[in-house]
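Below is one structure, written out as structure tokens; comments come after it.
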Amino acid sequence: MTLAPPPHATNWEHFSHVADVGVRGFGATSAEAFVQAALATVAAMADPDQVEPREAVTLLAQAPDLELLLAEWLNALIYEMATRKMLFSRFAVAIEDNRLMATAWGEPVDRARHELGTEVKGATLTALRVAEEQPGRWVAQCVVDV
Amino acid sequence: MDPGRFERISGYEWRVEPVGTMRVPAVIYADEDLIRDMDDKVFEQVVNVAALPGIVGASYAMPDAHWGYGFPIGGVAAFDPDQGGVVSAGGVGFDISCGVRALTTGLPKAEILKAQRDLADALFRHIPAGLGSTGAIRLDAAEMDAMLAGGATWALARGWGEARDLERIEEHGCMKGAEPDAVSEKAKKRQKDEMGTLGSGNHYLEVQEIAEVFDPVAAEAYGLRAGEIVVIIHCGSRGLGHQIGTEYLREMAEAAARHSIRLPDRELACAPPSTARSPTARSSAT
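Chains E and G are the protein sequences, given in the same order.
Residues in the first sequence are numbered consecutively from 1, following the numbering used here.
Residues in the second sequence are numbered consecutively from 147, following the numbering used here.
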């Protein structure tokens, strides 16, 4: 198994959307912004700092454009977390031609040890935006349904 | 919202005449206070829906309208398939088969207060809720399909309800023509451990007192009496419903592109009912 990367520096934020929550990640590349958007998604469910990177899961996603790829990526993560009953805290993401290859590291949900927030059911296309706002500063955001 | 953005038809009806890509007017039913309290996004969304192909009459929003996905929550629209009408994922939403139920107890508040703490402890002990919770019900593939096809009648047959419960559920708890085969294995897998759980987020189970009755005839018909206790349950859809919604949203986005339908909002992804991967899309996403 590939070794998990060290903890990611925090470069994400939540934004409000009526009863749901928006996730927004920043990065020097689209892949880094996707990693931060994933962290923001996990952070709605638990504190990523409390999630040990014990197990690795490989994910693939593809879409007609980068914005839909963000939704596909987050939905793939949410699906793996829901069906494996896991939380993820470390990510390695590569994006090429609107195709994404990733590894996510995490561990099973432990209701005694993890301070749990709300369950995220899926990514939506609302407030969906992936763009290089300035040279070397990417943003990747959408609303997730909780 | 600014009521000035609408033509006021009456104290309770507000209208936007078609402009731009709108095919029909947009109509909101609400009093002025409700209009002022509504998010500007309701205006945008009810207007966007008016631009969908084959829409009949008008794009409507009810007094409880608020910002949804594509459609406003509380949005109503009809589409004529003979006029290029569509089925839109935004009109179905992600929370497929989510709902709220009121369970009458027939018990006065004083009776419940006597056992308030024990009752609360018992509810927390017996009802799996929150992130990471799992239920006691395990379904194999055949039972999963039977549940999807039978709905509440399936639950009743397993002993988890009473026959009269069905009288109070729309469609008697079972949509005719449901096709479990139109639900992906991924969606079914997501339901496996969530069966019999309440959920998280805005899902809840609350023990409530009927504080005031506004319509005595309707209240009596439902067995609701002031001072008595009801249990209100908001649950349903869960990962299963969301997964179905997400998968068909993606499919409809591709179908819309194939049919050269221009979407004012990607959440309004839609397709003519005859081609929306007929007939499976229609049966699982309506």
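A virtual CB, placed ideally from N, CA and C, is assigned to each residue, including glycine.
C-beta atoms of residue i and residue j nearer than 8 Å
i, j, result
"ILE273 of chain G", "LEU386 of chain G", "no"
"LEU395 of chain G", "ALA235 of chain G", "yes"
"GLU126 of chain E", "TYR215 of chain G", "Looking at the sequence provided, one finds Thr at residue 126 of chain E rather than Glu. Yes, Cβ-Cβ distance for THR126 of chain E and TYR215 of chain G is below 8 Å."
"VAL120 of chain E", "ARG129 of chain E", "no"
"LEU253 of chain G", "ILE375 of chain G", "yes"
"MET86 of chain E", "PRO108 of chain E", "yes"
"ALA275 of chain G", "GLY347 of chain G", "no"
"ARG300 of chain G", "MET290 of chain G", "Here residue 300 of chain G is Trp; the residue named in the question, Arg, does not match the sequence. Against a cut-off of 8 Å, the Cβ pair of MET290 of chain G and TRP300 of chain G comes out as no contact."
"GLN50 of chain E", "HIS114 of chain E", "yes"
"ILE433 of chain G", "ILE390 of chain G", "What is shown of chain G runs 147 to 432, which leaves residue 433 of chain G out entirely."
"CYS416 of chain G", "ALA402 of chain G", "yes"
"ALA333 of chain G", "GLU393 of chain G", "yes"
"CYS320 of chain G", "GLY296 of chain G", "yes"
"HIS349 of chain G", "GLY122 of chain E", "no"
"LYS255 of chain G", "GLU355 of chain G", "yes"
"GLY106 of chain E", "GLU32 of chain E", "no"
"LEU414 of chain G", "LEU180 of chain G", "no"
"GLY278 of chain G", "LEU116 of chain E", "yes"
"ALA266 of chain G", "ILE378 of chain G", "no"
Where the beta strand (DSSP E) containing residue i begins and where it ends
i, result
"GLY236 of chain G", "Unbroken run through GLY236 of chain G is the alpha helix (DSSP H), 235-238; no beta strand (DSSP E)."
"ILE201 of chain G", "201-212"
"ILE219 of chain G", "219-225"
"VAL143 of chain E", "137-145"
Extent of the continuous alpha helix (DSSP H) to which residue i belongs
i, result
"ARG336 of chain G", "331-338"
"PRO362 of chain G", "362-367"
"MET293 of chain G", "287-296"
"LEU269 of chain G", "262-272"
"ILE78 of chain E", "66-84"
"GLN191 of chain G", "186-195"
"THR392 of chain G", "384-404"
"MET168 of chain G", "Per DSSP, MET168 of chain G belongs to no alpha helix (DSSP H) and is neither H nor E."
"PHE152 of chain G", "First-last for PHE152 of chain G: undefined, no H or E at that position."
"THR41 of chain E", "30-45"
Assigned exposure category for residue i - 16 Cβ within 10 Å defines buried
i, result
"TYR79 of chain E", "buried"
"GLU163 of chain G", "exposed"
"THR2 of chain E", "exposed"
"SER383 of chain G", "buried"
"VAL192 of chain G", "buried"
"GLU178 of chain G", "exposed"
"LEU72 of chain E", "In the sequence on display, residue 72 of chain E carries Glu and not Leu. Label assigned to GLU72 of chain E: buried."
"TYR175 of chain G", "buried"
"VAL173 of chain G", "buried"
"GLY166 of chain G", "exposed"
"PRO227 of chain G", "exposed"
"LYS322 of chain G", "exposed"
"PHE360 of chain G", "exposed"
"GLY358 of chain G", "Strictly speaking, residue 358 of chain G in this sequence is Glu, with Gly absent from that position. Under this definition GLU358 of chain G is an exposed residue."
"GLY231 of chain G", "buried"
"GLU259 of chain G", "Rather than Glu, the amino acid found at residue 259 of chain G in this sequence is Leu. Flag for LEU259 of chain G reads exposed."
"PRO48 of chain E", "buried"
"GLN262 of chain G", "exposed"
"ILE407 of chain G", "buried"
"SER156 of chain G", "exposed"
"PHE88 of chain E", "buried"
"GLN229 of chain G", "exposed"
Assumed close pair residue i, residue j - CB separation to whole angstroms, cut-off 8 Å
i, j, result
"HIS405 of chain G", "PRO419 of chain G", "Not quite, the Cβ-Cβ distance comes to about 12 Å (not below 8 Å), so this is no contact."
"VAL143 of chain E", "TRP213 of chain G", "Actually they are not in contact, since the Cβ atoms of VAL143 of chain E and TRP213 of chain G sit about 10 Å apart, beyond 8 Å."
"GLN62 of chain E", "LEU100 of chain E", "7 Å"
"VAL238 of chain G", "HIS380 of chain G", "The pair is not a contact, with the Cβ atoms about 19 Å apart (cut-off 8 Å)."
"MET208 of chain G", "MET147 of chain G", "That belief does not hold up - the Cβ atoms of MET208 of chain G and MET147 of chain G are roughly 15 Å apart, past 8 Å."
"PRO5 of chain E", "ALA92 of chain E", "6 Å"
"ILE201 of chain G", "ALA211 of chain G", "Actually they do not touch by this definition, with Cβ atoms about 17 Å apart."
Cβ-based neighbour list, residue i, same chain, cut-off 8 Å, excluding 5 preceding and 5 following
i, result
"PRO171 of chain G", "ARG161, VAL162, GLU163, PRO164, ALA196, ALA204 and SER205"
"ARG151 of chain G", "VAL162 and PHE189"
"PRO64 of chain E", "ASN98"
"TRP12 of chain E", "VAL23, ARG24, GLY25, PHE26, GLN36, ALA37, LEU39, ALA40 and ALA43"
"ALA131 of chain E", "TRP138 and VAL139"
"THR124 of chain E", "ASP20, ALA71, CYS142, VAL143, VAL144 and ASP145"
"ALA28 of chain E", "GLY136, ARG137 and TRP138"
"HIS318 of chain G", "ALA298, THR299 and LEU312"
"HIS14 of chain E", "VAL21, GLY22, VAL23, ARG24, ALA40, ALA43 and ALA44"
"LEU257 of chain G", "Checking the displayed sequence, the identity of residue 257 of chain G turns out to be Glu instead of Leu. So the list reads ILE375, once near-sequence residues are dropped."
Cut-off 6 Å between Cβ atoms - residues of its own chain near residue i, not counting five sequence neighbours on either side
i, result
"ALA82 of chain E", "none"
"GLY281 of chain G", "PRO274, MET341, GLY342 and THR343"
"VAL57 of chain E", "GLU80 and ALA104"
Same chain, Cβ closer than 7 Å to residue i, five either side skipped, listed in chain order
i, result
"ALA76 of chain E", "LEU59 and ALA61"
"GLY369 of chain G", "THR250"
"LEU66 of chain E", "SER30, ASN98 and VAL130"
"VAL222 of chain G", "TYR206 and MET208"
"ILE315 of chain G", "ALA298"
C-beta neighbour in chain C for residue i, strict 8 Å
i, result
"ASN194 of chain G", "Checking the listed chains, one finds no chain C in this structure; the protein chains it contains are E and G."
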